[in-house]
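S.K.:
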Amino acid sequence: GRIADVTAGIGEGGGGNGGGWGQRRETDAVLAGLIIAIRMRNGQSGRQAFVTLDDQSGRVEAALFTEAYERFGHLLVKDKLLVVEGAVSYDDYNGGYRIRAKNVMDTEQARMHFARRVEIRLGVGRAVNGFMHELADTLTPFREGGCPIHVRYEGDIARADFRLGPSWNVVPSDELVQRLRGLVGDGNVAVRYT
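Start counting the sequence shown at 6; every next residue gets the next number (the numbering used here).
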């Protein structure tokens, strides 16, 4: 979700859940944003990272404590998009929102984890003899995934939507998306998450 939407439902202050001071209202969320700052700290149990994410609707600090940092620290690069799953709460000490990271992904990993389908739009000029062979050749190296392929054909007098059979389900990697865009055009390929 958008940072502003997720944090709006949490509220500020230690008694945000009505339970009194010291109790923290948290909500589980998946947030994505551009890494604009990285702060490192040595804790009692090891290295920790605090990463500021910005999605143009708001900012949140992602806390990667020792175990999370050991698993995902290699993904922390300034000016890179990052997707974080975890518990979001208001941080009284810093006066902002924080997500305690349980899982961290780059955009390709997030696409492969969350994508529900890949949609390809075909116009009458593209669906010519030999196209289905080109499409099959493009999809073949990426088969064995769990993401279905949906095709929308838009002709002069008819339109049809169909889904390729499960044996054509793919891994929706960056490379596949780029190859499909090269085949049918940039605006004719979309990865859907709902």
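The beta carbon of each residue, even a glycine, is placed where N, CA and C say it ideally should be.
Within its chain, find whatever has a CB closer than 7 Å to the CB of L81; leave out the 5 residues flanking it on each side and keep chain order.
M.R.: So the qualifying residues of the chain are I40, I43, A54, V56.
S.K.: What are the start and end residues of the alpha helix (DSSP H) that includes A132?
M.R.: Per DSSP, A132 belongs to no alpha helix (DSSP H) and is neither H nor E.
S.K.: Out of curiosity, what's the CA-to-CA distance linking A13 and L58?
M.R.: About 16 Å.
S.K.: By DSSP's criteria, Q53 is part of a beta bridge. Which residues make up the other side?
M.R.: Beta-bridge pairing links Q53 to R46.
S.K.: What are the uninterrupted segments assigned as alpha helix (DSSP H) that are 4 or more residues long and contained completely in the region 95-120, given in chain order?
M.R.: For the region 95-120, whole alpha helix (DSSP H) runs of length 4 or above, ordered along the chain, are 112-119.
S.K.: Bridge partners for G91 per DSSP, in chain order?
M.R.: Partner(s): A34, A106.
S.K.: Could you please give the first and the last residue of the uninterrupted alpha helix (DSSP H) stretch that includes F77?
M.R.: 71-77 is the span of the alpha helix (DSSP H), which, as asked, contains F77.
S.K.: Give the single residue among R103, P177, D191 whose Cα lies nearest to the Cα of T32.
M.R.: Checking every option, the nearest Cα to that of T32 belongs to R103.
S.K.: With DSSP run on the structure shown, which of helix, strand or coil describes A163?
M.R.: Three-state result, A163: coil.
S.K.: Can you tell me whether A163 is buried or exposed, with buried defined as 16 or more other CB within 10 angstroms of its CB?
M.R.: So A163 ends up on the exposed side.
S.K.: Could you pull the DSSP bridge partners for A67 from this structure?
M.R.: In DSSP, A67 forms a bridge with V56, I104.
S.K.: Can you find the residues in the same chain that come closer than 8 Å, C-beta to C-beta, to V123, ignoring five residues on each side of it along the sequence?
M.R.: Here the set comprises C152, P153, I154, H155, V175, P177, L181, V182, L185, V194, A195, V196, R197.
S.K.: Can you grab the Cα-Cα spacing for the pair H138 / T145, in whole Å?
M.R.: Going from the Cα of H138 to the Cα of T145 covers about 10 Å.
S.K.: Among the residues of its own chain, which have a CB less than 6 Å from the CB of V89, if the five just before and after it don't count?
M.R.: Only L36, A67, I104, A106, V109 meet the Cβ criterion.
S.K.: Does the beta-carbon of V93 have 16 or more other beta-carbons within 10 angstroms, so that it is buried, or is it exposed?
M.R.: Buried is the call here.
S.K.: Using 8 Å as the threshold, is the C-beta distance between R46 and T71 below it?
M.R.: Cβ atoms of R46 and T71: not closer than 8 Å.
S.K.: For R7, which of helix, strand or coil comes out of DSSP?
M.R.: In the structure shown, R7 sits in coil (DSSP, three-state: anything other than H, G, I, E or B).
S.K.: For the beta strand (DSSP E) that V203 lies in, which residues bound it at each end?
M.R.: No answer is possible for residue 203: the residues shown for the chain start at 6 and end at 199.
S.K.: Taking the alpha-carbon of A73 as reference, which of S62, G48, G128 has the nearest alpha-carbon?
M.R.: Among S62, G48, G128, the Cα nearest to that of A73 belongs to G48.
S.K.: Just the Cα atoms here: how many angstroms apart are D161 and R126?
M.R.: Going from the Cα of D161 to the Cα of R126 covers about 14 Å.
S.K.: What span of residues does the alpha helix (DSSP H) with G187 cover, start to end?
M.R.: Looking at the DSSP string, the run of the alpha helix (DSSP H) that includes G187 is 179-189.
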